[in-house]
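Asker: First residue of the sequence shown: 14, per the numbering used here; consecutive thereafter. Every residue, glycine too, gets a C-beta built ideally from N, C-alpha and C. Note that this is a predicted model, so its numbers are computed, not measured.
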Amino acid sequence: MLERTVDLRSDTVTLPTQEMKDAMMAAALGDDGYGEDATVNRLQELAAEKLGMEAGLYVPSGTMGNACALFAHTRSGDDVFFEERAHLFAGARGEFAVLNGVRPHPMQAEFGAIRPEQLAEIINSEDVSQPSLLCIENTHNGSGGAAWSPTAVAAVSQAARAHGLKIHMDGARIFNAVVAHGVDAKDYARHVDSVMFCVSKGLSAPVGSLLCGPRSFINEADAVRKRLGGGMRQAGIIAAAGIVALEKMVDRLADDHETAYLLCTGLEAIEGIKIQHPPTPTNFAMVNVEDLGWSSESLIERWKVYGILANPRPPAGARLVAHRHITREDVAHVVDTTRRLVERG
Ligand SMILES: Cc1ncc(COP(=O)(O)O)c(C=O)c1O
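Listed below in structure tokens is the structure:
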């Protein structure tokens with residue numbers, strides 16, 4: 014029998030709070046297919062308000078929110094620009110680009126932050142004929158949860174707009190970026206045309222994401238959502254938890270950042286372990302054990318015996334994600350266990 018399980022695979026494992034469950038039980042409901050679910054409507058308004066955008070759309074997942082944005086922003090034959098590890102491109106394996114007949118142009122950017130000059134270079138290249146959309150991801154999952162600054166977003170957006178592009182932000186964890194940079198979500202949203210964020214990750218709601226943007230865009234995205242089978246009915250039962258997530262759970266993300274920082278410093282002090290340091294880190298700890306001669310899988314397997322769960326980042330890395338259920342004792346368990354494993358070899 015394991016002493017404890019420390020589940021660091023993702024912040025998506027967070028469970029709803031009691032306040033969320035109470036709100037779910039009390040939620041006013043209606044048929045959202047007719048726009049009659051008061052709780053969904055309130056969540057959508059609240060999301061738009063937080064971002065300073067006109068309208069919001071509640072969708073079952075971040076993947077669907079991004080897909081709705083891509084479909085609503087583009088037409089067949091359009092050229093779309095992504096960072097190569099972006100969830101919307103790499104995570105969805107380009108399926109949505111294929112489905113909507115757009116031409117994806119991935120580019121490699123340090124910590125996921127596409128620079129204006131690299132965007133301009135790729136737009137001006139020969140194989141681009143219908144430049145249409147830039148997708149950026151904040152925080153950037155594939156590069157260790159790096160948070161873009163509003164200034165970096167403004168710079169690339171300016172370049173994108175100069176070329177007539179629309180900009181979509183996959184802000185699955187935008188509130189982690191907000192907390193890490195000490196800014197307002199509007200400081201990001203004002204530089205882009207649409208934002209998707211998830212309430213189901215560190216914010217701890219059980220289900221759902223919001224897509225926000227201008228009213229006409231959201232109307233189109235809503236039509237796409239329905240076509241994709243994402244129309245929900247008395248969805249207020251889950252949206253109620255999303256309202257609590259937005260109203261009560263944003264500020265505490267700072268605790269997750271502190272937990273990730275403690276994991277990073279504790280593990281980095283162990284001989285043979287390297288940690289990736291994004292310029293502005295959030296709730297991820299990216300561990301590398303190459304110097305120990307271990308593979309990702311062998312690290313994950315060693316940890317698992319002691320109840321520590323993490324996701325591999327091959328060939329010799331692992332991703333640890335801090336969230337609401339990870340305590341200081343859990344951090345100590347991870348660090349102490351890892352030290353013993355390394356000493357044992
Ligand atoms: C950056 C980013 N975008 C989108 C998604 C997709 O969200 P969902 O799992 O709700 O579909 C994820 C999921 O981890 C993500 O990290």
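(1) So within the segment 289 to 345, which uninterrupted alpha helix (DSSP H) runs reach at least 4 residues, ignoring any that extend past its ends?
(2) Go ahead and label P272 buried or exposed: buried means 16 or more other beta carbons lie within 10 angstroms of its beta carbon, across all protein chains shown.
(3) With S170 as the anchor, note down where its beta strand (DSSP E) starts and where it stops.
(4) What whole-angstrom Cβ distance do K199 and G65 have, given they're in contact under 8 Å?
(5) Using the DSSP secondary-structure output, state which residues sit across from V72 in a beta bridge.
(6) Out of curiosity, what's the CA-to-CA distance linking M14 and G320?
(7) S229 by DSSP, collapsed to three states: which one?
(8) Which stretch, first to last residue, makes up the beta strand (DSSP E) that contains F102?
(9) CA-CA distance, E139 and A167?
(10) Does the beta-carbon of T295, which I'm using as the reference point, lie nearer than 7 Å to any heavy atom of ligand 1?
(11) Nearest CA to the CA of N54: which residue from T87, I256 and R116?
(12) Taking all protein chains shown into account, decide if V19 is buried (16 or more other Cβ within 10 angstroms of its Cβ) or exposed.
(13) Exposed or buried, what is A218 when buried is set at 16 or more other beta-carbons lying within 10 Å of its beta-carbon?
(14) Can you tell me which residues form a DSSP beta bridge with H118?
(15) Which residues bound the alpha helix (DSSP H) around V53?
(16) Near K9, which residues of its chain fall below 6 Å by C-beta distance, leaving aside the five closest residues on each side in sequence?
(17) Is H270 close to ligand 1? I mean its beta-carbon at under 7 Å from any heavy atom of the ligand.
Answerer: Result, derived from the coordinates:
(1) 309 to 318
(2) According to the sequence displayed, residue 272 carries Thr and not Pro. The residue in question, T272, is buried, as its Cβ has 16 or more Cβ neighbours within 10 Å.
(3) Looking at the DSSP string, S170 is not in any beta strand (DSSP E); the run it does join, the alpha helix (DSSP H), is P163 to A175.
(4) 4 Å
(5) DSSP lists S222 as partners of V72.
(6) With a pLDDT of 46 at M14, under the threshold of 50, the predicted position of this residue should be treated as unreliable, and no value is reported.
(7) Three-state DSSP puts S229 in a helix.
(8) Where F102 is concerned, there is no enclosing beta strand (DSSP E), given that its DSSP letter is neither H nor E.
(9) The alpha-carbon of E139 is positioned some 26 Å away from that of A167.
(10) no
(11) Per the Cα distances, I256.
(12) buried
(13) buried
(14) F94
(15) From DSSP, the alpha helix (DSSP H) with V53 extends over A51 to L64.
(16) Residue numbering for the chain in the displayed model covers 14 to 358; residue 9 lies beyond these limits and cannot be assessed.
(17) no
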